[in-house]
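Each residue of the sequence shown is one higher than the last, beginning at 1 in my numbering.
Just so it is clear, CB atoms sit at the ideal spot from N, CA and C, and this is done for glycine as well.
Here's the structure we're looking at; comments come further down.
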Amino acid sequence: MSSLAAATPARARLGRWPYDDRVAHLVLLDHQMVPTDTDVARWISFARERGARTVRTGALFPDAVPAFTDAGFGVVDTLTLLTLLTSSIPPDSSIRRTSGPSGGDQRLLARSNDQLRLRRLRPPMLPEAAEIDRRSFSPPWANDTVALSDITTATPYHRSRSVHHGRRMVGFSISGRAGRSGYVQRLAVDPSVRRRGVARLLLDDALRWMRRRGIDRVMVNTASDNHRALALYESSGFERSPGSLLILERAL
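Structure representation (structure tokens):
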């Protein structure tokens, strides 16, 4: 993945879209950036030089959109942004600590006689997490191993957790923090175990980690038609922010 700093105040990162080498993934490195037409033209040129046939952006805030649409980009997905003040997160937890065989901290939640164990998501476990992501989201929106690894480095600090039923991983989450802001960057659950509390367990863990670290506000985005995810976040106190985030793309 390459950094596109150049001599412009707007900075971006250009990588490969998961599962499709023909698509370049363009991500702005600061959501407050407002790129110029010159910035976008430079990024398009760089993607073309790398052999990409399409450029697809990450989620863009409204102010960043005009420079892309002026360059011929069109909307391919609409996302809803939700925010939560950590002061509203209760300090107590219904999740019991248990001692794992490795001596590390684990958490156990019993739902319908299932035992779900929360563990640290380590780099060697990313291929299994990527397979869950693929089953949960499906291409073109699924993340592969490289994309999940990139997510863990997108913020100065992150917390990655996986949920296991027996020896099988059934869900994972990656959360990050930068300054006083926190981000639920990815949360995926295997479709075969939905409605068993896996997503709730992962979200609960991420939010309490952020609260302990002194974060003021947590943000998450999800597809505007993902009603299951929206219900999960809103039931945890998240509120929808005005406007929408857009993912744009343009053929080269």
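- Secondary structure note for D21: its beta strand (DSSP E) is the uninterrupted segment D20 to L28.
- If you check the CB distance, A41 and A12 do not come in under 8 Å.
- Per DSSP, the continuous alpha helix (DSSP H) segment holding R48 begins and ends at D37 to E49.
- Cβ-Cβ distances below 8 Å link S88 to G237 in the same chain, with the five nearest sequence neighbours on each side left out; the list follows chain order.
- Here the C-alpha atom of A59 lies approximately 35 Å from the C-alpha atom of R167.
- Fully contained in the region 186 to 245 are the following beta strand (DSSP E) runs of length 3 or more, in chain order: 217 to 223.
- By the CB criterion at 8 Å, I247 and D77 fall inside the cutoff.
- The residue among A231, Y233, R50 and L29 with its C-alpha nearest the C-alpha of T57 is L29.
- Taking C-beta separations shorter than 7 Å and ignoring five residues to either side along the sequence, H227 has no partners in its chain.
- Within the same chain, M210, I215 and V218 come within 6 Å of G182 by CB-CB distance, once the 5 residues on both sides are set aside.
- Between N221 and R186, the beta carbon gap of about 11 Å keeps them out of contact (Cβ cut-off 8 Å).
- In the structure shown, the three-state DSSP call for D144 is coil.
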